[in-house]
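Chemist: Residue numbers (the numbering used here): 14 to 327. Every residue gets a Cβ at the ideal spot worked out from N, C-alpha and C, and that includes glycine. Here the structure is a predicted model, which is why all the values come from computation and not from measurement.
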Ligand SMILES: C[S@@+](CC[C@H](N)C(=O)[O-])C[C@H]1O[C@@H](n2cnc3c(N)ncnc32)[C@H](O)[C@@H]1O
């Protein structure tokens with residue numbers, strides 16, 4: 014196992030095996046983090062070069078120089094432009110020439126982000142209410158928590174945390190202002206929920222997840238990034254996504270299902286008239302999950318789901 018304390022990569026062996034039939038020479042690691050996946054892939058495939066993105070300045074700053082890796086500080090929401098530049102194509106669709114052998118998204122937060130109190134991602138550590146992965150971004154969690162109205166906060170908690178007590182918690186947040194730091198926010202959430210809920214998982218868990226997703230616009234970025242990845246992956250290449258909660262996984266599952274389905278004509282049509290052909294195929298029957306051994310050594314892997322789709326076409 015990779016001992017890099019910045020982040021322990023998840024399902025590395027599975028990612029490598031899924032790429033073996035592709036014999037990759039050029040991959041995009043859309044979420045470099047501590048670089049664990051990138052390192053494992055470079056080791057497994059000697060002729061490989063990687064273009065690695067991360068929107069967190071810390072991830073880029075800690076990365077060692079490597080002639081086989083081009084690091085870019087960027088949000089994968091802009092993958093369309095980045096991949097077009099890599100492939101030398103034009104974005105207007107007139108001369109699209111996909112050239113990438115695969116794209117890996119290992120989404121969510123790194124251990125470094127969670128473990129550094131001053132990043133404000135953890136309800137277990139006292140720090141500023143921030144949660145921005147990209148510290149140049151304008152919106153921080155503090156604005157949502159200390160400035161937004163009850164309706165908008167409740168909407169975030171409901172949509173991105175699937176929190177059934179969203180309105181009750183939002184009211185408590187607004188009433189407790191100013192909320193000083195993450196520990197204060199966690200206490201406010203805890204006090205807002207019934208005792209029976211408090212006895213289960215920490216009630217701030219879903220609230221912090223929801224605020225983080227809103228601050229970083231995570232679901233919209235995933236949709237845009239995935240679209241670009243599929244477009245710029247060459248036939249036979251593979252797009253892989255490791256996600257950690259159902260909201261992300263649903264986006265990936267639906268997009269891959271739409272890509273593999275092909276013809277959308279009603280089943281009673283004798284011939285296809287819509288002309289839609291499948292752009293993807295599934296190289297594995299089911300999404301992959303980490304082994305019990307991996308979860309035992311790295312508990313943060315337990316919620317991971319790895320989905321893969323292969324680009325088809327000539
Ligand atoms: C789970 S970690 C990735 C760990 C990495 N695979 C490794 O082996 O160390 C997720 C990383 O993705 C980055 N990230 C999340 N969303 C992103 C986005 N939309 N664009 C670019 N980077 C993103 C985070 O900043 C974080 O460093």
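(1) What does the alpha-carbon distance come out to for the pair residue 310 and residue 120?
(2) Could you give the residue range of the beta strand (DSSP E) that holds residue 143?
(3) Buried or exposed: which applies to residue 234, given that a residue is buried once 16 or more other Cβ atoms fall within 10 Å of its Cβ?
(4) Kindly indicate which three-state DSSP category residue 34 falls into: helix, strand or coil?
(5) For residue 296, does the count of other Cβ atoms within 10 angstroms reach 16, so buried, or fall short, so exposed?
(6) Return helix, strand or coil for residue 268, following the three-state DSSP convention.
(7) What do you reckon, are the CB atoms on residue 1 and residue 113 nearer than 8 Å?
(8) Tell me whether residue 70 is buried or exposed, calling it buried when 16 or more other Cβ atoms sit within 10 Å of its Cβ.
(9) Can you tell me which of the three DSSP states residue 127 falls into?
(10) Name the one or two DSSP bridge partners that residue 322 has.
(11) Is residue 122 near ligand 1, judged by its Cβ being under 7 Å from some heavy atom?
(12) Reducing DSSP to helix, strand and coil, say where residue 39 ends up.
(13) Express the C-alpha separation of residue 216 and residue 210 in angstroms, rounding to a whole number.
(14) With a CB to CB cut of under 6 Å and the five nearest residues on each side skipped, what residues in its chain are close to residue 225?
(15) Which same chain residues, not among the five before or five after residue 181, have their C-beta less than 8 Å away from its C-beta?
Modeler: The structure says:
(1) Mapped onto the chain shown, residue 310 falls at position 297. Mapped onto the chain shown, residue 120 falls at position 107. For residue 310 and residue 120, the distance between alpha carbons rounds to 20 Å.
(2) Locating residue 143 in the chain shown gives position 130, counting from the first residue. Note, residue 143: premise wrong, no beta strand (DSSP E); not H, not E.
(3) Walking along the chain shown from the start, residue 234 turns up at place 221. The residue is buried, with at least 16 neighbouring Cβ atoms inside 10 Å.
(4) Taking the first residue of the chain shown as position 1, residue 34 is located at position 21. Note: residue 34 maps to helix in three-state DSSP.
(5) Numbered from its first residue, the chain shown carries residue 296 at position 283. That one is exposed.
(6) As a working mapping, residue 268 is identified with position 255 in the chain shown. Looking at residue 268 - three-state DSSP - the assignment turns out to be helix.
(7) Limits of the chain in this structure are 14 at one end and 327 at the other, which puts residue 1 out of reach.
(8) Position 57 of the chain shown holds residue 70. Exposed, by the Cβ-count rule.
(9) Here residue 127 refers to the residue found at position 114 when the chain shown is read from its first residue. Of the three classes helix, strand and coil, the one that applies to residue 127 here is helix, per DSSP.
(10) In the chain shown, counting from the first residue as 1, residue 322 sits at position 309. Per DSSP, 252.
(11) Here residue 122 refers to the residue found at position 109 of the chain shown. Flag set: Cβ of residue 122 near ligand 1.
(12) Residue mapping note: residue 39 aligns to position 26 of the chain shown, counting from 1. Here residue 39 sits in strand by DSSP.
(13) Counting from 1 along the chain shown, the entry for residue 210 is found at position 197. Counting from 1 along the chain shown, the entry for residue 216 is found at position 203. The straight-line gap from Cα to Cα measures roughly 7 Å.
(14) Your numbering for residue 225 matches position 212 in the chain shown. Only 144 meet the Cβ criterion.
(15) If you number the chain shown from 1, residue 181 lands on position 168. Cβ neighbours of residue 181 beyond the five flanking positions: 205 and 206.
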